[in-house]
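Novice:
Residue numbers (the UniProt record's numbering): 1 to 180.
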């Protein structure tokens, strides 16, 4: 069992139950999945660059990414239907907890001028962060990086509100900006 999952079961659940006063243990929020995605529309013109970014996402997540394709052609963007324009990975189970642990303890402290993430979510218990550079992950070999590429990370929880979601993620180790 993952260190973070064990910590969730033993301590975080009790803390959330006490803080929000749930009447049923099934109401306690849980992390369902983490989705990592990259928009690679600019790299789609260069096959080698596209493959390099797919390889980086594989190293970061530990599993092969799904290539997202254009649904229809748009001449103004020089885009063809079926052309690969991005990649995404959905992490669940043990890989999700391991990624969360690595992200909170190793990756987020490596972000330049990091003072915490914003506490604003989507209002339905999900939280998303956009990173400007994939090079902050220790798995990425800096010598092989041809171009910096952004990365979107979405945490999907069973929380009903943003407060519950941020409380869960903060207890799991994600650092948020302090309210002023």
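Don't be surprised by glycine CBs; every beta carbon is placed ideally from N, CA and C.
1. Could you pull out every unbroken beta strand (DSSP E) segment of at least 3 residues lying fully inside the region 30 to 66, listed in chain order?
2. Identify, in the order they occur along the chain, each residue of the same chain with its Cβ nearer than 8 angstroms to the Cβ of residue 150, setting aside the five sequence neighbours on each side.
3. Three or more C-beta pairs closer than 8 angstroms, one from the region 95 to 103 and one from the region 28 to 36: is that the case here?
4. Are the region 84 to 92 and the region 105 to 122 touching, with three or more C-beta to C-beta distances below 8 angstroms?
5. Between the Cα of residue 136 and the Cα atoms of 27, 60 and 5, which residue gives the shortest distance?
6. Taking the alpha-carbon positions, what's the residue 127 to residue 64 distance?
7. Are the CB atoms of residue 68 and residue 86 nearer to each other than 7 angstroms?
8. May I ask which residues mark the beginning and end of the beta strand (DSSP E) holding residue 166?
9. Skipping 5 residues on each side, what residues in its chain have a beta carbon closer than 8 angstroms to that of residue 142?
10. Kindly indicate which three-state DSSP category residue 82 falls into: helix, strand or coil?
11. I'd like to know whether the C-beta atoms of residue 123 and residue 159 end up nearer to each other than 7 angstroms.
12. Helix or strand or just coil, what does DSSP make of residue 12?
13. Between residue 157 and residue 30, how many whole angstroms is the CB-CB distance? I'm expecting something under 8 angstroms.
Specialist: According to the structure data:
1. You should have 31 to 39.
2. For the purposes of this step, residue 150 is taken as the residue at position 150 of the chain shown. Cβ within range, chain order: 38, 39, 130, 131, 132, 133 and 134.
3. yes
4. no
5. In the chain shown, residue 136 corresponds to position 136, counting from 1. Minimum Cα distance to residue 136 is reached at 60.
6. To locate residue 127, count along the chain shown from 1; it is residue 127. To locate residue 64, count along the chain shown from 1; it is residue 64. Cα to Cα, residue 127 sits roughly 23 angstroms from residue 64.
7. Position 68 of the chain shown, counting from 1, holds the residue named residue 68. Position 86 of the chain shown, counting from 1, holds the residue named residue 86. Yes.
8. The residue given as residue 166 occupies position 166 in the chain shown. That residue, residue 166, is in no beta strand (DSSP E); its alpha helix (DSSP H) goes 162 to 172.
9. Residue numbering aside, residue 142 sits at position 142 when the chain shown is read from its first letter. So the list reads 135, once near-sequence residues are dropped.
10. Start at 1 with the first residue of the chain shown, and residue 82 comes out as number 82. Looking at residue 82 - three-state DSSP - the assignment turns out to be coil, as it is neither helix nor strand.
11. Taking the chain shown and counting its residues from 1, one reaches residue 123 at position 123. Taking the chain shown and counting its residues from 1, one reaches residue 159 at position 159. In this structure, residue 159 does not lie closer than 7 angstroms to residue 123 by Cβ.
12. Within the chain shown, the letter at position 12 stands for residue 12. In this structure, residue 12 counts as helix in the three-state DSSP scheme.
13. Taking the chain shown and counting its residues from 1, one reaches residue 157 at position 157. Taking the chain shown and counting its residues from 1, one reaches residue 30 at position 30. Contact flag correct, Cβ pair sits at about 7 angstroms.
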